[in-house]
Amino acid sequence: MSKTALKKELLNLTKEQLVAQILDLYSKNKAVKTFYDFYLNPTNEKELLDKCKKIIRKEFNVEIPQKANLKFSVAKKAITELKDLQVSSEIIADAMLYLAESACEFTAEWGDMDEAFYVAAWNNYKSALKFIAQHNLLPDFKRRAEQCVKYASPCGYGFADDIADVYYEYYHK
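In our numbering, the protein residues as written are 2 to 174.
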């Protein structure tokens, strides 16, 4: 159904019917509930960030590596959900860099990973720094971006050099 067709149908409903539909969606659909919770209380960005970081940490569980799933897709989905809520750029940047930090820390603590892991970690680090630069937040995240370089330094397969190259691309122009 197109937006135009949906709009036409919604205009035929009474205010009470619309409210009833929204309440029904709110109670049955987690994404709708999250959206309205944030829409009505935008000050809970920190809570949403903490929830996102918890999901990322579960995927890259440095403390208990046997429980780590190492699925970048799950972590990126959590970040996309933050973006969909249109939270502040600082919150999105924090989450994006946290994913890269977690991946770099995991490999620093638990040893060499496969090439696909390193490529995904590098891509996420590069995307995070690009986003951070686009939103003029580089000074706010410099220490954490540099920490990724330190985490990557003992890693093989050129990963350390690749992470350092991205860092220097944004922080030492």
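Beta carbons are placed, not taken as given, at the ideal position from N, Cα and C, and that holds for glycine.
Measuring CA to CA, which of SER103, VAL33, GLU116, VAL20 is closest to ILE56? Taking the first residue of the sequence shown as position 1, residue 56 is located at position 55. Answer by Cα proximity: SER103.
Please say whether LEU49 and VAL75 have beta carbons closer to each other than 8 Å? Locating residue 75 in the sequence shown gives position 74, where the first residue counts as 1. Locating residue 49 in the sequence shown gives position 48, where the first residue counts as 1. Taking 8 Å as the Cβ cut-off, VAL75 and LEU49 do not qualify as a contacting pair.
Going by the beta-carbon positions, is the gap between ALA117 and TYR152 smaller than 8 Å? Counted from its first residue, the sequence shown places residue 117 at position 116. Counted from its first residue, the sequence shown places residue 152 at position 151. Taking 8 Å as the Cβ cut-off, ALA117 and TYR152 do not qualify as a contacting pair.
Taking TYR40 as the reference, which of ASP85, THR5, PRO155 has the closest Cα? The residue labelled residue 40 in the question sits at position 39 within the sequence shown. For TYR40, the closest C-alpha among the options ASP85, THR5, PRO155 is that of ASP85.
Starting from MET2, trace the alpha helix (DSSP H) in both directions and tell me its first and last residue. Residue 2 sits at position 1 when you count from the first residue of the sequence shown. No alpha helix (DSSP H) holds MET2; DSSP gives it neither H nor E.
Backbone CA spacing between ASP163 and TRP123 [nearest angstrom]: Residue 163 sits at position 162 when you count from the first residue of the sequence shown. Residue 123 sits at position 122 when you count from the first residue of the sequence shown. It is roughly 7 Å from the alpha-carbon of ASP163 to the alpha-carbon of TRP123.
Around the Cβ of GLU60, are there at least 16 other Cβ atoms within 10 angstroms (buried) or fewer (exposed)? Residue numbering aside, residue 60 sits at position 59 when the sequence shown is read from its first letter. Classification of GLU60: buried, given that the 10 Å Cβ count is 16 or more.
Compare the Cα-Cα distances from ALA129 to each of GLU91, LYS72, GLY157, GLU106 and report the closest residue. Your numbering for residue 129 matches position 128 in the sequence shown. Taking each of GLU91, LYS72, GLY157, GLU106 in turn and checking the Cα distance to ALA129, the smallest one comes out for GLU91.
Can you tell me whether MET97 is buried or exposed, with buried defined as 16 or more other CB within 10 angstroms of its CB? As a first step, residue 97 must be located in the sequence shown, where it is residue number 96. Buried, by the Cβ-count rule.
Beta-carbon proximity list for LEU26, same chain, < 7 Å, skipping 5 on both sides: For the purposes of this step, residue 26 is taken as the residue at position 25 of the sequence shown. Non-local beta-carbon contacts of LEU26 in its own chain, meaning distances under 7 Å to residues more than five positions away in sequence, involve VAL33 in chain order.
Separation of LYS143 from HIS173, as counted between CA atoms: Within the sequence shown, the letter at position 172 stands for residue 173. Within the sequence shown, the letter at position 142 stands for residue 143. For HIS173 and LYS143, the distance between alpha carbons rounds to 11 Å.
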